[in-house]
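Encoded as structure tokens, the structure appears first; notes follow it.
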Amino acid sequence: MQRMLKYLDYIIYWSIVFIPFSISIANAPANIFMGFLIISFLAKKVLKKEPIFIKTAINIPLLLLLALSFLSIFNSIDYSDSFKGGIFRLLRYVFILFIVREELKDERHLAKIIYSIVAGALLVSFDGFWQVLTGRDFVRGYTPVINIGLMRATASFKDPNTLGIYISAFAPLIFGLTLYYFKEKKKMMMFFISLIVLTGALLTYSRPTLLAIYVALFFLGAVRKNKALVIFLIIFTFISPFILPRSVKDWAKEVDHNPLRFLCNDDRIAIYRNSLNMIKQHPLLGVGVNNYMKVYKDYKESPEYRNIVTSDYIYAHNNFLHMAAEIGLAGLGIFIWLLYKLFRQCRDIYKKLNSNYFKIISLSFSACLIAFLVNGLTESSLYYSRVAIIFWYLAGLSLSLKKFIHADRTKEY
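The opening position of the sequence shown corresponds to residue 1 in the working numbering, with each subsequent residue numbered one higher.
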């Protein structure tokens with residue numbers, strides 16, 4: 001039994017390390033590692049006769065979120081799909097959160113995870129640059145997307161915005177370590193890596209991605225009382241309209257320099273209005289978990305906003321509207337409560353950590369979560385199979401740092 005537990009620990013250890021990097025390649029390897037992780041974890045719990053979930057600050061809101069998702073199935077038009085693509089998928093994400101929270105072993109394990117995150121961000125950033133330069137990415141052979149005369153990188157992802165979600169969710173960790181931890185030669189190396197990752201984000205020309213990175217950097221600067229960074233970001237805000245590409249400036253004129261239309265596009269605004277129709281008709285339990293895309297066409301306005309014609313099968317392009325439409329306003333309220341409890345716990349952990357190294361990592365993980373949520377204001381990133389796991393993985397990592405509260409950094413990696 002001890003040998004079996006040793007093998008299971010080995011699988012759990014390396015699955016947690018490889019998940020963020022595997023997401024940068026494709027769905028399949030990420031799903032394989034997640035499968036290995038969950039099966040090994042459950043087997044370990046059975047062998048050791050331990051409870052599956054440990055107590056955390058977010059257990060109750062997570063349980064209620066699962067309960068509301070289950071109840072929403074009563075409004076579903078496809079029970080099977082609601083279970084498979086809704087309940088079971090959410091349950092898998094909850095498992096990932098708790099496994100990462102419990103199974104992060106030590107400082108060396110954390111370092112390997114950080115290397116995996118940096119490697120993944122570097123891979124997709126290089127791949128995006130190569131794709132724009134040659135016309136195809138070197139991982140999956142995808143071609144770039146052309147919008148308003150701009151060649152937008154997708155790297156190994158299917159569209160630029162999903163690539164942007166991935167980069168912006170992990171970039172704050174790299175920026176945080178570069179700005180506030182590393183020194184001398186390592187700082188220069190990390191600064192170079194940060195520039196590459198920032199270039200990868202810029203090549204997506206994804207406005208929510210750039211906004212997410214901006215907000216994450218502002219958050220880092222504000223908490224660390226970095227006046228230089230905050231002032232730079234404020235100045236950048238005022239000069240950015242003058243350094244935009246000509247095609248972007250022309251397009252801004254077409255939308256009458258309306259900030260909402262510029263950030264969201266008219267088609268997203270049309271989708272939001274249709275989503276509100278869905279919520280108005282099913283405010284309590286929604287239309288059923290994993291049913292938004294199936295019933296969207298039944299709630300479209302006629303005519304739609306500015307005579308835009310949206311697809312009959314589409315995401316809400318907003319995490320909060322998507323969630324409210326599927327599991328009701330009560331479900332959305334529970335999720336917001338979960339976020340409150342999560343960030344409050346992250347704040348408490350940050351304040352109690354003694355080591356500057358762990359404090360910076362804790363703060364950077366919080367910035368990563370913020371970036372993911374900001375990007376989710378115009379994307380249904382919690383519902384995209386390729387990147388949804390990132391939020392739950394980062395939440396687990398953020399909570400796992402509690403075990404380092406009384407620790408000091410022992411070694412440079």
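The beta carbon of each residue, even a glycine, is placed where N, CA and C say it ideally should be.
Per DSSP, which one or two residues make a beta bridge with residue i?
{"i": "Asn-147", "result": "Leu-150"}
Measuring CA to CA, which of the options is closest to residue i?
{"i": "Pro-245", "options": "Leu-202, Val-287, Ile-279", "result": "Leu-202"}
{"i": "Phe-219", "options": "Ile-360, Lys-341, Met-278", "result": "Ile-360"}
{"i": "Arg-306", "options": "Val-17, Met-34, Asp-267, Trp-337", "result": "Asp-267"}
{"i": "Arg-261", "options": "Ser-82, Lys-300, Met-190, Ile-308", "result": "Ile-308"}
{"i": "Glu-107", "options": "Phe-126, Leu-42, Val-17", "result": "Val-17"}
{"i": "Tyr-393", "options": "Pro-51, Asn-274, Tyr-166", "result": "Tyr-166"}
{"i": "Val-223", "options": "Ile-334, Leu-179, Ser-80", "result": "Leu-179"}
{"i": "Tyr-93", "options": "Leu-63, Ile-77, Ile-73, Lys-351", "result": "Leu-63"}
{"i": "Val-124", "options": "Arg-347, Asn-27, Val-197, Pro-241", "result": "Val-197"}
{"i": "Gly-86", "options": "Leu-66, Leu-104, Thr-134", "result": "Leu-66"}
{"i": "Cys-346", "options": "Lys-403, Phe-70, Asn-27, Asp-256", "result": "Lys-403"}
{"i": "Ile-336", "options": "Lys-352, Asp-348, Leu-373, Ile-279", "result": "Leu-373"}
{"i": "Ile-12", "options": "Ile-54, Asn-226, His-257, His-109", "result": "His-109"}
{"i": "Ile-405", "options": "Ala-395, Lys-351, Asn-375, Phe-391", "result": "Lys-351"}
{"i": "Leu-401", "options": "Ser-24, Asn-27, Phe-98", "result": "Phe-98"}
{"i": "Ile-77", "options": "Thr-237, Tyr-296, Phe-157, Arg-344", "result": "Tyr-296"}
{"i": "Phe-157", "options": "Thr-204, Thr-237, Lys-186", "result": "Thr-204"}
Within its chain, find whatever has a CB closer than 8 Å to the CB of residue i; leave out the 5 residues flanking it on each side and keep chain order.
{"i": "Leu-5", "result": "Lys-44, Leu-47, Lys-48"}
{"i": "Leu-233", "result": "Tyr-214, Leu-217, Phe-218, Gly-221"}
{"i": "Tyr-79", "result": "Ile-73"}
{"i": "Ala-371", "result": "Ser-168, Ala-169, Ala-171, Pro-172, Ala-212, Ile-213, Val-215, Ala-216"}
{"i": "Leu-382", "result": "Asn-319, His-322, Met-323, Gly-376, Ala-388, Phe-391"}
{"i": "Ile-54", "result": "Phe-98, Arg-101, Glu-102"}
Using the three-state DSSP reduction, which class does residue i fall into: helix, strand or coil?
{"i": "Ala-57", "result": "coil"}
{"i": "Asp-266", "result": "helix"}
{"i": "Ser-380", "result": "coil"}
{"i": "Lys-351", "result": "helix"}
{"i": "Lys-403", "result": "helix"}
{"i": "Val-17", "result": "helix"}
{"i": "Pro-283", "result": "coil"}
{"i": "His-430", "result": "A query on residue 430 cannot be resolved here, the shown segment of the chain reaching from 1 to 413 and no further."}
{"i": "Pro-172", "result": "helix"}
{"i": "His-257", "result": "coil"}
{"i": "Met-1", "result": "coil"}
{"i": "Ser-362", "result": "helix"}
{"i": "Val-289", "result": "coil"}
{"i": "Pro-160", "result": "helix"}
{"i": "Pro-303", "result": "coil"}
{"i": "Phe-182", "result": "coil"}
{"i": "Val-118", "result": "helix"}
{"i": "Asp-81", "result": "helix"}
{"i": "Asn-75", "result": "helix"}
{"i": "Gly-141", "result": "coil"}
{"i": "Leu-203", "result": "coil"}
{"i": "Ala-155", "result": "coil"}
{"i": "Asp-298", "result": "helix"}
{"i": "Ile-113", "result": "helix"}
What residues in its chain sit with their C-beta under 7 Å from that of residue i, if we drop five residues either side in the sequence?
{"i": "Thr-162", "result": "Tyr-384, Arg-386, Val-387"}
{"i": "Ile-271", "result": "Thr-310, Ile-314, Ala-316, His-317"}
{"i": "Lys-341", "result": "Ala-57, Ile-58, Pro-61"}
{"i": "Thr-378", "result": "Pro-208, Leu-263, Cys-264, Arg-268, His-317, Asn-318"}
{"i": "Leu-332", "result": "Phe-320, Met-323, Ala-324"}
{"i": "Phe-21", "result": "Ser-116, Ala-119, Gly-120"}
{"i": "Ile-193", "result": "Val-118, Leu-122, Ile-174"}
Grab me the residues of residue i's own chain with a C-beta within less than 6 Å of its C-beta, minus the 5 sequence neighbours each way, in chain order.
{"i": "Ile-38", "result": "Phe-95"}
{"i": "Lys-300", "result": "Asn-274"}
{"i": "Asn-277", "result": "Tyr-299"}
{"i": "Tyr-142", "result": "Thr-154"}
{"i": "Phe-191", "result": "Thr-178"}
{"i": "Gly-396", "result": "Leu-97, Val-100, Arg-101"}
request  = Take every Cβ of the stretch 298-315, pair it with every Cβ of the stretch 111-122, and state whether three or more of those distances are shorter than 8 Å.
outcome  = no
request  = Tell me, please, whether the stretch 358-365 touches the stretch 195-211 by the rule of three or more beta-carbon pairs shorter than 8 Å.
outcome  = no
Contact the stretch 127-146 vs the stretch 171-182: 3+ CB pairs below 8 Å = no
query = Can we say the stretch 249-257 touches the stretch 283-302, given the rule of at least three CB pairs closer than 8 Å?
reply = no
ask   = Are there three or more Cβ pairs, one per stretch, closer than 8 Å when the stretch 327-338 is compared with the stretch 273-290?
value = Under the three-pair Cβ rule at 8 Å, the stretch 327-338 counts as touching the stretch 273-290.
task = Examine the Cβ distances between the stretch 27-38 and the stretch 138-153 and report whether three or more of them are shorter than 8 Å.
result = no
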